[in-house]
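Here the structure is laid out as structure tokens; the discussion comes afterwards.
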Amino acid sequence: MSENEINLKEYQLHEGDTGSAPYQVALLTQRILHLTDHLNLHTKDFSSRRGLLKLVAQRRKLLDYIKGNSEEKYQEVIKGLGLRR
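Residues 48 to 132 (the numbering used here) are what the sequence shown spells out, left to right.
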């Protein structure tokens with residue numbers, strides 16, 4: 048795995064899980080890291096920058112949902128992904 052790859056299996060609730068909020072947050076984080084690397088090389092790519100901001104907002108909403116349901120799960124997810132909050 049490269050430095051930006053996240054082990055998505057850690058966030059699956061069961062085999063084949065692709066819809067749970069923790070899994071979606073991990074997937075969005077992986078996409079955000081990839082887009083961030085892209086934007087470091089291509090600083091004038093404003094379309095990708097807009098897409099990045101949309102992904103960050105979507106991840107924020109999912110994290111708020113997780114926090115509302117289970118504070119323990121929220122702490123586990125942000126610690127596992129290395130997110131600041």
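We put the CB at the ideal spot given by N, CA and C, even for glycine.
**Study point:** Reference A104, options P69, E118, I79, G115, closest by Cα
**Key:** Ranking P69, E118, I79, G115 by CA distance to the CA of A104 puts I79 first.
Exercise for review: Compute the Euclidean distance between the alpha carbons of R107 and I125, then round it to the nearest angstrom.
Suggested key: Taking the straight line joining both Cα atoms gives about 11 Å.
Point to revise | Minimum length 3: unbroken beta strand (DSSP E) runs contained in the stretch 52–106 | key: none
**Study point:** Spatial neighbours of L102 in its chain, beta-carbon cut-off 8 Å, leaving aside the 5 residues before and after
**Key:** L75, R78, I79, L82
Point to revise | C-alpha gap between R131 and P69, whole angstroms | key: 16 Å
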